[in-house]
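Below: the structure, in structure tokens.
Number of protein chains: 4
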Amino acid sequence: MKNTFGNAVTLTLFGESHGPAIGAVLDGLAPGIEVDEEYIRSQLSLRRPSDALSTPRQEADPFEIKGGVFCGKTTGTPICIVIPNGDVKSADYGEIAVKCRPGHADYTGAQKYAGFNDPRGGGHFSGRITAALVAAGAILLSALKQKGITVATHISSIGEVCDRPFGDMAADAEALNGKTFAVLDGAAEEKMKAAILSAKAEGDSIGGTLETVVLGMPAGVGEPWFDTVEGMLAHALFSIPAVKGVEFGAGFSLSRMRGSEANDPFEVKDGAITTTTNNCGGILGGITNGMPLLFKTAIKPTPTISREQSTVDMKTLENTTLSAAGRHDPCIVHRARVVADSVTALVLCDLLTQKYGTDGFLK
Amino acid sequence: MKNTFGNAVTLTLFGESHGPAIGAVLDGLAPGIEVDEEYIRSQLSLRRPSDALSTPRQEADPFEIKGGVFCGKTTGTPICIVIPNGDVKSADYGEIAVKCRPGHADYTGAQKYAGFNDPRGGGHFSGRITAALVAAGAILLSALKQKGITVATHISSIGEVCDRPFGDMAADAEALNGKTFAVLDGAAEEKMKAAILSAKAEGDSIGGTLETVVLGMPAGVGEPWFDTVEGMLAHALFSIPAVKGVEFGAGFSLSRMRGSEANDPFEVKDGAITTTTNNCGGILGGITNGMPLLFKTAIKPTPTISREQSTVDMKTLENTTLSAAGRHDPCIVHRARVVADSVTALVLCDLLTQKYGTDGFLK
Amino acid sequence: MKNTFGNAVTLTLFGESHGPAIGAVLDGLAPGIEVDEEYIRSQLSLRRPSDALSTPRQEADPFEIKGGVFCGKTTGTPICIVIPNGDVKSADYGEIAVKCRPGHADYTGAQKYAGFNDPRGGGHFSGRITAALVAAGAILLSALKQKGITVATHISSIGEVCDRPFGDMAADAEALNGKTFAVLDGAAEEKMKAAILSAKAEGDSIGGTLETVVLGMPAGVGEPWFDTVEGMLAHALFSIPAVKGVEFGAGFSLSRMRGSEANDPFEVKDGAITTTTNNCGGILGGITNGMPLLFKTAIKPTPTISREQSTVDMKTLENTTLSAAGRHDPCIVHRARVVADSVTALVLCDLLTQKYGTDGFLK
Amino acid sequence: MKNTFGNAVTLTLFGESHGPAIGAVLDGLAPGIEVDEEYIRSQLSLRRPSDALSTPRQEADPFEIKGGVFCGKTTGTPICIVIPNGDVKSADYGEIAVKCRPGHADYTGAQKYAGFNDPRGGGHFSGRITAALVAAGAILLSALKQKGITVATHISSIGEVCDRPFGDMAADAEALNGKTFAVLDGAAEEKMKAAILSAKAEGDSIGGTLETVVLGMPAGVGEPWFDTVEGMLAHALFSIPAVKGVEFGAGFSLSRMRGSEANDPFEVKDGAITTTTNNCGGILGGITNGMPLLFKTAIKPTPTISREQSTVDMKTLENTTLSAAGRHDPCIVHRARVVADSVTALVLCDLLTQKYGTDGFLK
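Protein chains in written order, with the working numbering: chain A, 4 to 366; chain B, 4 to 366; chain C, 4 to 366; chain D, 4 to 366.
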């Protein structure tokens, strides 16, 4: 399946950072889902670098829907979204073609593609490809909304600075989806931005974590083996460049707990079965239990930094150094948040379509 | 794909804990791979409960290979392994059919399968299904060995007790693959066992983490989007019951680092490109870089405990309590270790076959 | 996907003719489908050689369901069916391991599997594998029945002898599904049997065609590109050993028609849209139109014959001759009929599950 | 998988006839394959209506490659080809949105997509989508050429007029690939063209058959069950709009043969194993035997004709009549030929990549 994800609903990504365009094909989604171009644009703006915290590259992302949408709704046929590349300065990257950037895919890409890949601007490995993912994600999020399902992500940490945990989830989710820098605690936001600017000032970069919540998922979705909700979400989340860890519910801290502490007791509430805690992140046996889905994603610091680093020249096989001159972000955590929402929507639409069918999204 | 994993090499699991048998079908593996029944048996024995640390259920696991093997070698056709169920005491689980165990899949299974699933002993959700995965994994590990690739996992922690990190990886890997309780540091081993027995004595259970290393993987394997090495491994690892977190290389701690610290500098060593550190866990841009793969898996405490827990009666929708009477493990981390090796082998054989073809495993 | 077929509902086949067993794993089927072992047995008996028209090999086919069924109904988890091999005389086939039978897979199997395949009795290529397909097919046919969908196949020709075409389809389908030698016209049946016995008497074999009808399929099922109903059915039907042609509706004869003759006029009948003819076989644009599905399958004469044939010795690379001594069928058309029904049921359950979801089969 | 075909190499089609564009995404193909835009153009010109035999719609097909190609070679990442739609006259098709054309997908499309599909010009069902398939096919054919494999198709019949069968296959293949109207026998060509013009003059349309040959395929490619070479090719060929039958080698006529006549005797020739006849079309047990692949595809007459036909109004559910006024082809057999070559190349590249790996195409 390679650059395609999903069984019933599939997403394929294509394009290179400095090629003619990037884009996505979304197939298997039900007909009749609203496609709101304004909403797609606003989602894209969340991913786009827009201020001092990000690269100065101006990505207008003027997406074009090439098929699969008619009269403002999905037709049920494959949706192709193309985002032409503009504002490209290939010259900045000339050096990278031979000197591989530490932490980046320059070396592995050359190995995988036997030197035939387009190395300019990271080529097909560039984070820019996620713009196409976000555009498709906006349609998937609209499909979930139609089913009463909400996805929201906050920046749970930047470096050592932590946001507060989720409280009133519905209110928090709504607040987050209106923010550009998605933090729940205003004081944390200021400290996070300061940490990013401090890293930038030192020619360095900084990492962080995202925490995502999904509200409204019905119980009984997912598979016991392999296509577990955790497995599918993790598979998709690790596609976001720089993600190096994923945990559900209490995650790694569960490894330090006793069962009597970790288990979420069941309780009947308003005639429905719920749990009183949510250490499992809404997933038991790989299957949703009707509680909110909760998971965290660890994002490493952006690999491209202007500080001098040791590396090698792939042509001469000699040790050398590199100071990245191109435009680059001191932090991508805040930009990755809408990408996390998008891949989450992809996984959930896929699993829901398997259970309820393509027709299950028709009103 | 549901209960099947993989693209070029696929594994399908079937069976219920208290049904006639469990098993696996492995397809797409090259012909000519050695199938050593003694090795399969020894791998199964690593997963099997064997002492005071585990459930008293005696699982002899007398596997039967139903096809795909001829003259001690894979034929290239699907390999089916069946492990008949014996020593089954269904009576113990009668209560569970209506009272759902906290932390277990009783409730989600009933929701997913509309009440038609076999609830005895956890049915298709039972950890017992992993015996089939381990049997198939032994063949996959042999295929990797034929390519000079070694997989090894140690128990990096039980509760708060930690093993030492990997040192000389080749030596550590060899040592681990000869041990039943796979710990590198003998002192840690004693403390871990004591922690497990202490939880058991209190009618409770305990979690932990596993750390896996893969030696000998060539550079250039994996895909940039979706079928990244991290995404594929995580997808498979989250299938191991009780896994709630996966991280690669320095993982979550990368989120607290600066780029200048996190990036692994490249270096030419003996004419080959390597990195001087391995924070990325041997994977850049979703693709192997030729360094050892390194990843950690978080395992929650076994949900079934004898302590009384609050739960609900799924039939009457009333709150109630439950004290599990059946046989159960106070800890499954040490048993899960060979399962982690097995799913790792599955993912790697799949990715290698995509790059080199089915014929790529022929000598 | 190799030896697996399907997207939402998948079937995997395993086993070798003279190995320990053959079998199938069926995954993705809804929970709650009736599994009637008596019906499975009766379907298997239709495939089994039972009289002078077939090989004397006695295949009792005592199938064992290893998982996925509980209290006589599907659980929704993978169903594994194992059919142990008995009455195996491998000695008969010793010669074939080096002399490749014309028309058979001895040579191509050795090429594909680099000589590691099990050549005894055709190994994994043996028509015997279809017994597992038929056992799984019985469950799939039950699932369709639950949705009001009937599949029936008649022997439309043996050599030059033709059956009458379908008339009253519902009545014809019911009559066919009660017959061992599924012919609509009694006079044709006698001539067909005579043709088979005549070929047998001459140490030869004979081919024929099957025609299948599906009643009760709703309109709107299938995909416009690639996963068309025709494409999916043909893909599966060509898996039946010896099938070399598939055509839908008027099929190849459409290539000799004008559009005004070929097009099926639409008509409103009892408030529903129907067509007055059915040259398209119930499929337009790859999608069902609510009319009966109709298609024909061409089956070549059994390749294994006792007459002397020219062939080569694969070891010495010398020309030689071969007179098959093992047990073999002079004709498999009448036996293949229940296999055609089974793969048809697989394709339709897969396509219906995509549209209506796994839950769409729940009452 | 829906609008995607293939396992190791996949092709996804998107777009609607009168939407902004149509296109294709090709993934999994090896890096380093030559992408000759001039060759793509020449292949597209073979599909494009160009004379009195076809619709007057001028389709310039100015394709744009959006990614996956660098310095004139494939990079190994997904290739996206977009063909913008020009020269669109939607007004002609207004009537069709409610009156469904007999033989066309207007009715089934409306059923499948619950009325949300774009009905203009056949929407996603339009034969125009095959332009994208042909553009991708040109790259796939180049990949095969690099491996020494040639694909060629001739019009074996139009209505009752037949071309001569293949003679010297290499010479015939070369001759065909240089022709616009691909017929081996010049006299047959004139008669075929006359038959098409005669159907056109009567406001009618006409069908035909294509026969494809593949030279240079190695033995041992394909799978015994489901992903047989026949099954994969048929699956893809039935995606070509209007295809209603596919047969391999002697095909349906094998059903009228004896085994002694149908079986292709093996023979050692120049030290290699070959067969003296090719009734099996180069495929035994679903696997290539090293002989030329040979198969025929039946194409029904174009459904859209200007003659008056009975149909229904989908809105009012009343019987009515329809005389198609839009531009349409009296015959598409000659145009479909390059589409047959393209899907054949897709299937073969997919199967070869499974056996030899992505790296198997590297020189």
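All residues carry an ideal CB built from backbone N, CA and C; glycine is no exception.
7 Å Cβ shell around residue i - same chain, five flanking residues per side excluded
i      : result
B:D39  : S145
A:M195 : I158, I161, V164, V186
C:G219 : G151, I152, T153
With 16 other Cβ atoms within 10 Å as the buried cut-off, status of residue i
i      : result
C:E226 : buried
D:D171 : exposed
C:A190 : exposed
C:A155 : buried
C:P244 : buried
A:S263 : buried
C:L143 : buried
C:D166 : buried
B:E19  : buried
C:T319 : exposed
B:A173 : exposed
B:E41  : exposed
A:G130 : buried
D:A275 : exposed
B:D353 : buried
A:C103 : buried
A:E311 : exposed
B:P168 : exposed
Between the CA atoms of residue j and residue i - distance to the nearest angstrom
i      : j      : result
B:L257 : B:A237 : 17 Å
A:F251 : B:G234 : 15 Å
D:G360 : D:A197 : 47 Å
A:P295 : B:T7   : 27 Å
D:A135 : D:G363 : 26 Å
D:L355 : D:V224 : 7 Å
C:I82  : D:P306 : 43 Å
C:Q114 : A:Y110 : 37 Å
B:L179 : B:T215 : 11 Å
C:G285 : C:T291 : 6 Å
C:L325 : D:F269 : 11 Å
D:F298 : D:V246 : 13 Å
A:T279 : A:D273 : 13 Å
A:N322 : A:G9   : 42 Å
C:D316 : C:A100 : 9 Å
Close beta carbons around residue i, own chain, < 8 Å, minus the five adjacent residues each side
i      : result
A:V140 : Note on identity: in this sequence residue 140 of chain A is Gly, with Val being the wrong assignment. If we look at A:G140 and ignore the five residues flanking it on each side, its Cβ neighbours are Q46, V341, V342, D344, S345, V346, A348, L349.
A:G289 : G225, E226, P227, W228, D230, T231, V232, E233, G234
Sequence-distant residues of the same chain with beta carbon closer than 6 Å to residue i, five excluded per side
i      : result
B:P333 : I199, A202, K203, S208
C:N120 : G112, G126
A:C283 : G252, D267
Opposing strand residues paired with residue i [DSSP bridges]
i      : result
A:G248 : A:A301, B:E250
C:R261 : D:I209
A:A117 : A:A117 is not bridged to any residue.
Enumerate, from N- to C-terminal direction, the unbroken alpha helix (DSSP H) stretches of 4 or more residues contained entirely within the stretch 17-93 of chain D. 40-50
Alpha helix (DSSP H) segments (min. 4 residues) lying fully within the stretch 152-234 of chain B: 172-179, 189-204
Which runs of the beta strand (DSSP E), 3 residues or longer, sit entirely within the stretch 309-344 of chain A? 312-316, 321-325
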